[in-house]
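All remarks here apply to the structure that follows.
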Amino acid sequence: MTGCVNSISPPPVTLYWYRASPSRSSFSLSGDAVHSLYRHRRVSRSSSIIAPKFQIVAAEKSEPLKIMISGAPASGKGTQCELITHKYGLVHISAGDLLRAEIASGSENGRRAKEHMEKGQLVPDEIVVMMVKGRLSQTDSEQKGWLLDGYPRSASQATALKGFGFQPDLFIVLEVPEEILIERVVGRRLDPVTGKIYHLKYSPPETEEIAVRLTQRFDDTEEKAKLRLKTHNQNVSDVLSMYDDITIKIEGNRSKEEVFAQIDSSLSELLQERNTAPSSLLS
399 MTGCVNSISP
409 PPVTLYWYRA
419 SPSRSSFSLS
429 GDAVHSLYRH
439 RRVSRSSSII
449 APKFQIVAAE
459 KSEPLKIMIS
469 GAPASGKGTQ
479 CELITHKYGL
489 VHISAGDLLR
499 AEIASGSENG
509 RRAKEHMEKG
519 QLVPDEIVVM
529 MVKGRLSQTD
539 SEQKGWLLDG
549 YPRSASQATA
559 LKGFGFQPDL
569 FIVLEVPEEI
579 LIERVVGRRL
589 DPVTGKIYHL
599 KYSPPETEEI
609 AVRLTQRFDD
619 TEEKAKLRLK
629 THNQNVSDVL
639 SMYDDITIKI
649 EGNRSKEEVF
659 AQIDSSLSEL
669 LQERNTAPSS
679 LLS
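Last residue of the sequence shown: 681 in the numbering used here, with the numbers rising by one and none dropped.
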């Protein structure tokens, strides 16, 4: 009977791949496939059949998304960032928020930053670059992916980020006419208790209690807004030239739902391309 056993051909092995989510890759074998592997193992021990050599190579874990979003002050970046992070779970990193926190702390860097911001100028790179680098390097940003809001704002800042190894998958630009931007800035108000941003015309506070405590940020006046817009326009073309191959431009003077629909489509397509990348089975 030994001769009969030796004439048996190794049973075929069926491998089934399963991808649970963009952030997790794994594989599983069906019941039939597991049984087939086990049966083949028993036959191999009782005969001179050499078991086929195979190597299971799991699909590489998908890299988390790395996104930059740019636009002039009041172009709607904050709103879109909320929608993006809510759906995709990215860490929202706002260069403006980092700077304002530094100013509130009363540090020397904060004082210097405020002087430049009050003049509508860019904060020196030696201050802001290291702040952003530090936040991008934190564990949550590396594991979940990040959404960098309003940064870089100059070619030198973009060059510094590339030098540190931070390269986005997509660069989103929101475009809004200047006269609308000015109106948005001047009417914008901050709730110091919740941190929520309101607009006196487009998004008024829910109650009178909230309304009376709203404040205007020091850089949200018409004069400061015009200075910031001028600085933004002078530098944005240089930044875009460095990310030209991954840039999408979106008209921001529409409803937040319409704007997000375009952004969502681009991000979903990007993830789909990654998730459909072929896995490999080597023998």
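Ideal placement from N, C-alpha and C gives every residue a C-beta, glycine not left out.
- Assignment of beta-bridge partners to residue 649 by DSSP yields 573.
- A residue is called buried when at least 16 other Cβ atoms come within 10 angstroms of its Cβ; residue 475 meets this threshold and is buried.
- The secondary-structure analysis by DSSP pairs residue 547 across a beta bridge with 467 and 492.
- For residue 596, the enclosing beta strand (DSSP E) starts and ends at 595 to 597.
- Taking 8 Å as the upper bound for CB-CB distance, residue 468 and residue 634 are in contact here, some 7 Å apart.
- Ranked by how close their Cα comes to the Cα of residue 643, the residues 509, 567 and 487 have 567 in first place.
- Taking residue 507 as the centre and dropping the five residues before and after it, the same chain places the C-beta of 500 and 525 closer than 7 Å to its C-beta, in chain order.
- Boundaries of the beta strand (DSSP E) harbouring residue 586: 586 to 588, taken from the DSSP string.
- By the criterion of a C-beta distance shorter than 7 Å, residue 629 is surrounded in its chain by 518, 519 and 520, once the five residues flanking it on both sides are discounted.
- Just so you know, the alpha carbons of residue 576 and residue 471 end up roughly 10 Å apart.
- Using a Cβ distance threshold of 8 Å, residue 548 and residue 494 count as a contacting pair.
- Excluding residues up to 5 positions away in sequence, 546, 566 and 569 lie with their Cβ nearer than 6 Å to the Cβ of residue 466 in the same chain.
- Remark: C-beta atoms of residue 647 and residue 571 approach each other more closely than 8 Å.
- Residue pairing by DSSP puts residue 601 in a beta bridge opposite 597.
- According to the DSSP secondary-structure assignment, residue 568 is paired through a beta bridge with 465.
- With respect to residue 486, residue 627 sits apart: the two C-beta atoms are not nearer than 8 Å.
- Positions of the beta strand (DSSP E) runs, each at least 3 residues long and wholly inside the region 493 to 559, are given as 544 to 547 in order along the chain.
- Inclusion of residue 488 and residue 542 in the CB contact set at 8 Å is warranted, their separation being smaller than that value.
- Here residue 561 is exposed, its C-beta having fewer than 16 other C-beta atoms within 10 Å.
- Non-local C-beta neighbours of residue 645 in its own chain, meaning closer than 7 Å and more than five positions away in sequence, comprise 569, 571 and 638, ordered along the chain.
- Here residue 556 has 550, 637 and 640 as same chain residues with Cβ atoms under 7 Å from its own Cβ, once five neighbours each way along the sequence are excluded.
- The beta carbons of residue 478 and residue 595 sit no closer together than 8 Å.
- Setting aside the 5 residues that flank it on each side, residue 625 is surrounded in the same chain by 518, each with a C-beta closer than 6 Å to its C-beta; the list follows chain order.
- Across the set 527, 581, 512 and 593, the C-alpha of 527 shows the shortest separation from the C-alpha of residue 564.
- DSSP places residue 460 outside any alpha helix (DSSP H), giving it a letter other than H or E.
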